[in-house]
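K.L.:
Numbering (the numbering used here), first residue to last: 3 to 755. Please read through the structure below; I'll follow up with questions.
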C-alpha cells in the first residue's frame, strides 16, 4: 500500500469534497480517500499499482482538477500556487464585472428611486442584456458544478445557487413578454455577492497555508559543490585536506548524495549532511523552534534549510531532494492539514443531508406563499431559502482551524501527524513520561569527585587516574568520567595491563601501581573497607546517583558519582500539567530508588520502575484500561516506538527520525520539554476555535432558514431579501475563516495562565 496526497482545484463547498471523495473511493485499488475542502487537498491510501493519473481521472470525472506529479518533477506546491493564482485572478475579474453590472441593473430596476438614471437603462431588454453574461458567464461555475452533481446523483451549494438565481432570471425573462415583476436585479446581485464572498474567502484561506509557504521559502536554490580539480569527479576527504578541488554553484535539484558542499557565514545549508571540515554555529530555529544557535563541528549533522551563522565549513550530502528533513516536514504538514478531525463528522453528516432538505424547504416555502396568493413573495422567499442555506461555513469550520493549528505547530518545531492527533491531545488526562532521554538528558554525567583525605590525594588526581583507566574501557559510564577530566583539562596517564572485570569494573597499572575502578562488588573482592563511607554512599544512592570507587593497594582513594541529570524545564512542565488537572506518571527501566530520586526532582508522584523496554507498551496498555481516560505517552521516539503507538496519543520529543514520525502522533523537533505544554495548549485552542466555528455555522443556518421562509412575517412583517441572504451567506463563511486565522495571532504560551 502507498499513501499519496495531491491538491484539487475548483471546489466551492463541502459537498464538492464529498463528491470527489466518493469518486476516488470507487477507483479500483483505492483503500481509503479523504478530501478536505478547507485545505483543498486529497489524501489517498491505495495499492502500489494505482497510478497518479488514475486518481486524477477520477477527480476530473467529478468535474474538478487534480494536480499530480509531472515527469519534470516540478514542485507540486509551486504548480498548486500557480493554479490558485490563475483561479483567483479569474474569480477577481468575474467578481468585479458582476458587481459593476449589478449596480447598473439595480439602478435600472428602480427608476423611481434613482431619477437620474437614463431611460434606456430601465428598459427590460437592457436589463436582460446586462444580466445574461453575469448569469451564464460569471455564474458558469454554478452550472458546471450542478451538472456534474446531476451526473453523479448528488447536489451541492452550487445547485442551490443555480436553482435560485436561474428561477429569478427565467421568471424575469418570461415576465418581459407576459408582464410581471422583474427579478434581474435579484439574480445579478446574488451572483455578485456570492462571487465576492468566494473571492474574500479564497484570500483569507490562502493565509491558512502560510506555514507551508514559509517552509517552502526555507529551501536553498543553489549549492556550492566541490569537485576534483583534475578529473572533475567526486572528491575524497584527502582531496579536501590537500585543497585539491574547485567550487561550482549548481541548482539545488542537481545535488547528489555524496557531494561535498561548502557553506559560508549567512548562507542557507542546502541539504542534509555531515560536516567533514570546519566548524560553525547554525540557526535551526526555523526547523526545531530552538532560538539559540547550535554549535557544529566535524562529524555533526546539519539540516537543509537552516542558516549558517559564523564559520565556514564543508559537509557531505547525505539526504537530498524529497529525502531531506525539510521536505519530509513539508510533506507531513501538508498531509496533516488535509486530514479530518472526528469532530468534523458532525458537519459532514449534516452537510450530506442538508442540500436535499433545503430543496424540500424551498419548494414548501414557495407552495405555502403561493397559496396565500402572492407569487412574487413566494418566488422571493424560495430564492432566499436556497441562498441562505448554503452550508459553506459548516464545511470550513473544522479544516480551516486544523490548517492554521497544524501550521502554527510546524512554525514552533511541533509536527502534528494528523487532525485526529491534535484532537486527542486536547482530551488527554494522563501523561506518561519515559525517564531516560525524556525527563533526563540521557547522557550520564560525572557529578561529584570526592577524595579520601587520609590517602593524601587530591580530587584532580582521583579524576585523572579514573579517566586514565577508563580510556580503554567500553563501559557505559566511561564517557562521563572522560568528559569530566577533559573539562578539567587533565593530562591522562599511560595505562598498562588493562583488565575488564565484567559487571564489576576495570583494573590497570599506572607507574607500577595497580588501580581498581568499579562498583562495591569489585571493592569487596579486593577487601576494601567502605564502613566510613556508608553514610555518603547511602545519600548518593538516595539521590539516584551511581557510585564508582577508586582503590589502590587495599586503600580507597576516592569516589566519583555519576548521574543522568534532569533536563531544564521538567519541573515547570510537570507543575503546569498538574495545574491543568492532568495526572502525570513516569515509567523507567531503572530501579525504584533511582526512579524515586528523579521523580522527586521532577515533582512526579506516580512511578512505574524496573520495566524492561519491551514491557513498557504493556504497562501503558494496563494504565489505559485501569484509568479509562485518554493517555499520552512522551518518549524519545526511537526506543519507545511501541509505547508511542500503544498510547492514545504518542509524543516523540527531540527527534525527527522516520521511526518517531511514524509511531508518534506529535513529534517535537527540539529537545525542550516545555514544548509539550505548547503542543497541549495549541491543541486545546484549536479545538476551542473549531467548536466556536461549528456553533456559529450551525446557529447561522438554524436561525436564518426559518427567517428566510417567512416565520417573522405574521408578527413583524419582516422578510429576508434574497440579496441580503447572499450577503449573510458570504459573511458567515468569511467569519469562520477569520476566526480560524485568530490562531495565527494567538500566543500559545508555555504557562497555563
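Even glycine gets a Cβ: it sits at the ideal position worked out from N, Cα and C.
Who pairs with residue 46 in a beta bridge, going by DSSP?
P.N.:
BP columns for residue 46 point to 6, 35.
K.L.:
Using a threshold of 8 Å, state whether the C-beta atoms of residue 343 and residue 404 are closer than that.
P.N.:
Yes, they are a contact pair.
K.L.:
Please say whether residue 708 and residue 192 have beta carbons closer to each other than 8 Å?
P.N.:
No; because the gap between Cβ atoms is not below 8 Å, this pair is not in contact.
K.L.:
With a threshold of 6 Å on Cβ separation, who are the neighbours of residue 650 within its own chain once the five nearest residues in sequence on each side are excluded?
P.N.:
The residues are 426, 632, 633.
K.L.:
As an exercise, report each continuous beta strand (DSSP E) stretch of at least 3 residues that is fully enclosed by the stretch 223-290, in chain order.
P.N.:
Counting whole runs of 3 or more residues, the stretch 223-290 contains the beta strand (DSSP E) stretches 224-230, 247-253, 262-265, 274-280, 282-285.
K.L.:
CB residue 44 to CB residue 7, shorter than 8 Å?
P.N.:
Yes; because the gap between Cβ atoms is below 8 Å, this pair is in contact.
K.L.:
Quick check on residue 530: does DSSP put it in helix, strand or coil?
P.N.:
Residue state, collapsed to three classes: coil.
K.L.:
From this set, 314, 59, 573, 691, which residue's C-alpha is nearest residue 2's C-alpha?
P.N.:
The question about residue 2 has no answer, for the chain in this structure spans 3 to 755.
K.L.:
On the DSSP letters alone, give me the boundaries of the alpha helix (DSSP H) that residue 544 sits inside.
P.N.:
Unbroken alpha helix (DSSP H) run through residue 544: 536-544.
K.L.:
Can you tell me where the alpha helix (DSSP H) with residue 138 in it begins and where it stops?
P.N.:
Taken as a continuous stretch (DSSP letters only), residue 138 belongs to no alpha helix (DSSP H), as it is neither H nor E.
K.L.:
Is residue 567 helix, strand or coil when you go by DSSP?
P.N.:
Coil at residue 567, not helix or strand.
K.L.:
Grouping DSSP H, G and I as helix and E and B as strand, with all else coil, what is residue 517?
P.N.:
In this structure, residue 517 counts as strand in the three-state DSSP scheme.
K.L.:
Could you tell me whether the stretch 284-300 touches the stretch 662-677, where touching means 3 or more Cβ pairs closer than 8 Å?
P.N.:
As far as the Cβ criterion goes, the stretch 284-300 touches the stretch 662-677, which means the pair count is three or higher.
K.L.:
May I ask you to verify whether the stretch 33-50 touches the stretch 162-170, counting CB pairs closer than 8 Å and requiring at least 3?
P.N.:
Output reads no: the stretch 162-170 does not touch the stretch 33-50.
K.L.:
Using 8 Å as the threshold, is the C-beta distance between residue 172 and residue 160 below it?
P.N.:
Against a cut-off of 8 Å, the Cβ pair of residue 160 and residue 172 comes out as no contact.
K.L.:
Excluding the five sequence neighbours on either side, which residues of its own chain have a C-beta within less than 8 Å of the C-beta of residue 28, listed in chain order?
P.N.:
Counting only Cβ-Cβ distances below 8 Å, and skipping sequence neighbours, we find 60.
K.L.:
Can you check the stretch 632-712 for any alpha helix (DSSP H) of at least 4 residues that lies completely inside it and give the ranges in chain order?
P.N.:
Runs of the alpha helix (DSSP H) inside the stretch 632-712: 643-648, 660-665, 677-711.
K.L.:
Go ahead and label residue 648 buried or exposed: buried means 16 or more other beta carbons lie within 10 angstroms of its beta carbon, across all protein chains shown.
P.N.:
Burial call: buried.
K.L.:
Beta strand (DSSP E) containing residue 417: first to last residue?
P.N.:
Here the beta strand (DSSP E) through residue 417 covers 416-418.
K.L.:
Among residues of its own chain, excluding the 5 on either side of residue 548, which ones have a beta-carbon nearer than 6 Å to its beta-carbon?
P.N.:
Same-chain partners within the cutoff: 564.
K.L.:
Could you check where the beta strand (DSSP E) with residue 612 kicks off and where it finishes?
P.N.:
Where residue 612 is concerned, there is no enclosing beta strand (DSSP E), given that its DSSP letter is neither H nor E.
K.L.:
Tell me which same chain residues have a C-beta within less than 6 Å of the C-beta of residue 599, skipping the five on either side of it?
P.N.:
Excluding sequence neighbours, residue 599 sits near 545, 546.
K.L.:
Bridge partners of residue 121, per DSSP?
P.N.:
In the DSSP output, where bridge partners are listed per residue, residue 121 has none listed.
K.L.:
Going straight from the alpha carbon of residue 130 to that of residue 376, what length do you get?
P.N.:
Near 24 Å, if we compare the C-alpha coordinates of residue 376 and residue 130.
K.L.:
In chain order, what residues of the same chain lie with their CB nearer than 6 Å to the CB of residue 217, ignoring the 5 residues before and after it?
P.N.:
So the qualifying residues of the chain are 332.
K.L.:
Can you give the Cα-Cα distance for residue 300 and residue 638, rounded to whole angstroms?
P.N.:
Between residue 300 and residue 638, the C-alpha separation is close to 25 Å.
K.L.:
Taking C-alpha atoms, which residue in 635, 503, 46, 14 lies nearest to residue 3?
P.N.:
For residue 3, the nearest C-alpha among the options comes from 46.
K.L.:
Return the bridge partner residues of residue 510 from the DSSP annotation.
P.N.:
Residue 510 pairs with 517.
K.L.:
Do the CB positions of residue 364 and residue 371 come within less than 8 Å of each other?
P.N.:
Cβ distance not < 8 Å, so residue 364 and residue 371 don't count as in contact.
K.L.:
Am I right that residue 96 and residue 195 are in contact with their C-beta atoms under 8 Å? What's the rounded C-beta distance?
P.N.:
In fact, because the Cβ distance is near 13 Å, the residues do not count as touching under 8 Å.
K.L.:
With DSSP as the reference, identify every bridge partner of residue 756, one or two as the case may be.
P.N.:
For residue 756 there is no data in the structure shown, the boundaries of the chain being 3 and 755.
K.L.:
What does the alpha-carbon distance come out to for the pair residue 644 and residue 615?
P.N.:
Spanning the two alpha carbons is a distance of roughly 9 Å.
K.L.:
Looking only at its own chain, which residues have a Cβ that is under 7 Å from the Cβ of residue 115, when we skip the five neighbours before and after it?
P.N.:
Counting only Cβ-Cβ distances below 7 Å, and skipping sequence neighbours, we find nothing.
K.L.:
Decide if the stretch 554-571 is in contact with the stretch 413-421; the criterion is three or more beta carbon pairs, one per stretch, under 8 Å apart.
P.N.:
These segments do not touch.
K.L.:
Could you give the C-beta distance for residue 267 and residue 310, rounded to a whole number, given that I count them as a contact under 8 Å?
P.N.:
Right, their Cβ atoms sit about 6 Å apart.
K.L.:
If you compare alpha carbons, which of 527, 514, 484 is closest to residue 503?
P.N.:
Comparing Cα positions, the closest option is 527.
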